[in-house]
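Here is the structure we will look at, set down as structure tokens.
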Amino acid sequence: ELKVEQNPLFLSMQEGKNYTIYCNYSTTSDRLYWYRQDPGKSLESLFVLLSNGAVKQEGRLMASLDTKARLSTLHITAAVHDLSATYFCAVDMPEKLVFGKGTKLTVNP
Amino acid sequence: DAGVIQSPRHEVTEMGQEVTLRCKPISGHNSLFWYRQTMMRGLELLIYFNNNVPIDDSGMPEDRFSAKMPNASFSTLKIQPSEPRDSAVYFCASSPGLAGEGSTDTQYFGPGTRLTVL
Numbered sequence: 001e002l003k004v005e006q007n008p009l010f011l012s013m014q015e016g017k018n019y020t021i022y023c024n025y026s027t028t029s030d031r032l033y034w035y036r037q038d039p040g041k042s043l044e045s046l047f048v049l050l051s052n053g054a055v056k057q058e059g060r061l062m063a064s065l066d067t068k069a070r071l072s073t074l075h076i077t078a079a080v081h082d083l084s085a086t087y088f089c090a091v092d093m094p095e096k097l098v099f100g101k102g103t104k105l106t107v108n109p
Numbered sequence: 110d111a112g113v114i115q116s117p118r119h120e121v122t123e124m125g126q127e128v129t130l131r132c133k134p135i136s137g138h139n140s141l142f143w144y145r146q147t148m149m150r151g152l153e154l155l156i157y158f159n160n161n162v163p164i165d166d167s168g169m170p171e172d173r174f175s176a177k178m179p180n181a182s183f184s185t186l187k188i189q190p191s192e193p194r195d196s197a198v199y200f201c202a203s204s205p206g207l208a209g210e211g212s213t214d215t216q217y218f219g220p221g222t223r224l225t226v227l
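What follows is the structure, encoded as structure tokens:
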């Protein structure tokens with residue numbers, strides 16, 4: 001059974017700081033997704049990483065995938081309050097996604 | 110594009126009542142997924158369909174839950190009888206199904222139905 005572990009589960013950081021969220025998974029997969037969920041809202045797709053070494057960037061967020069290490073990272077650069085949300089990684093099973101428990105990020109002024 | 114549409118957005122019912130949640134996927138998408146989200150268990154996949162056919166229902170908690178997809182533009186998730194522990198947010202998601210065999214496309218989530226069973 002595929003297990004997906006995110007850490008940390010809770011992250012409180014100050015505006016302007018950098019931090020990384022980690023997503024480890026237990027079996028081979030070449031495709032990984034990152035989603036964002038605002039409180040009381042639905043999930044929004046951020047990135048899809050399709051191969052080993054893939055790197056995607058959007059604004060202050062950068063995601064990478066190392067399939068050999070079974071690890072993906074979501075790096076936050078110079079955090080701003082608008083990035084406060086819960087971030088999920090999801091691993092291709094295949095044909096279905098297995099989600100991590102999410103990392104709740106709070107960016108404080 | 111209207112995105113994935115779910116109804117109702119909120120449902121409050123009493124234990125023992127039947128509950129039906131509805132989903133309209135994005136037009137042209139071939140795969141449809143039902144998820145349940147709670148604080149305790151996180152996001153759980155209940156069942157998914159490909160071309161209207163149920164592929165994997167191993168996440169359906171018990172026989173009280175059933176799901177159907179009578180056509181490409183409509184799916185229902187039914188709970189009968191409902192229990193307080195079914196209280197959760199239920200999401201429907203759809204994907205194009207273009208990634209090819211053995212892969213999963215980006216899934217597009219609906220706004221969710223918040224179910225409260227008293």
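If you're matching them up, the sequences are chains A and B in order.
Each residue of the first sequence is one higher than the one before, counting from 1 in my numbering.
Each residue of the second sequence is one higher than the one before, counting from 110 in my numbering.
Glycine included, each C-beta is placed from N, C-alpha and C at the ideal position.
Can you list, in chain order, the residues of its chain with a C-beta nearer than 6 Å to that of residue i? Leave out the 5 residues immediately preceding and following it.
i      : result
A/T86  : Q37, G102, K104
B/F174 : I188
A/E5   : N24
A/T77  : N18, R60
Residues in the same chain with beta-carbon distance under 7 Å from residue i, minus the five sequence neighbours each way, listed in chain order, please.
i      : result
B/N139 : N159, N160, P205, G206
B/I135 : D110, G112, V113, S203, Y217
A/N7   : Y22
The beta strand (DSSP E) with residue i in it runs from where to where?
i      : result
A/H75  : 71 to 76
B/G151 : 151 to 159
B/I164 : 162 to 165
A/A63  : 61 to 66
B/P179 : 174 to 180
A/A54  : Per DSSP, A/A54 belongs to no beta strand (DSSP E) and is neither H nor E.
B/A202 : 197 to 204
A/K104 : 103 to 108
B/I188 : 183 to 188
Any beta carbon of chain A sitting closer than 8 Å to that of residue i?
i      : result
B/P117 : no
B/Q126 : no
B/G219 : yes
B/T222 : no
B/T225 : no
Would you call the CB atoms of residue i and residue j closer than 8 Å?
i      : j      : result
A/I21  : A/T73  : yes
B/K177 : B/S167 : no
B/Y157 : B/F200 : no
B/S191 : B/M124 : yes
B/T122 : B/V226 : yes
A/S29  : A/V91  : yes
A/S26  : A/L2   : yes
Kindly indicate if chain B contains any beta-carbon less than 8 Å away from that of residue i.
i     : result
A/F10 : no
A/E1  : no
A/L74 : no
- Query: Using Cβ-Cβ distances below 8 Å, what residues of the region 146 to 168 of chain B are close to chain A?
  - Reply: If the cut-off is 8 Å between Cβ atoms, the region 146 to 168 of chain B has G151, L152, L154, Y157, N159, I164, D165 near chain A.
- Task: Please list the residues of the region 41 to 57 of chain A that have a C-beta atom closer than 7 Å to any C-beta atom in chain B, keeping them in chain order.
- Result: Of all residues in the region 41 to 57 of chain A, only S42, L43, S45, V48 come within less than 7 Å of chain B when Cβ atoms are compared, listed by chain position.
- Query: Relative to chain A, which residues along the region 184 to 206 of chain B have a C-beta separation below 7 Å, given in chain order?
  - Reply: Hits within the stretch, in order: F200.
- Anything in the region 92 to 106 of chain A with a Cβ closer than 9 Å to a Cβ of chain B? List those residues in chain order, please. Across the region 92 to 106 of chain A, CB contacts with chain B closer than 9 Å involve D92, M93, P94, E95, K96, L97, V98, F99, G100, K101, G102, in sequence order along the chain.
- Residues of the region 9 to 37 of chain A with a CB closer than 7 Å to any CB of chain B: list them in chain order, please. So the list reads R31, Y33, given in the order they occur along the chain.
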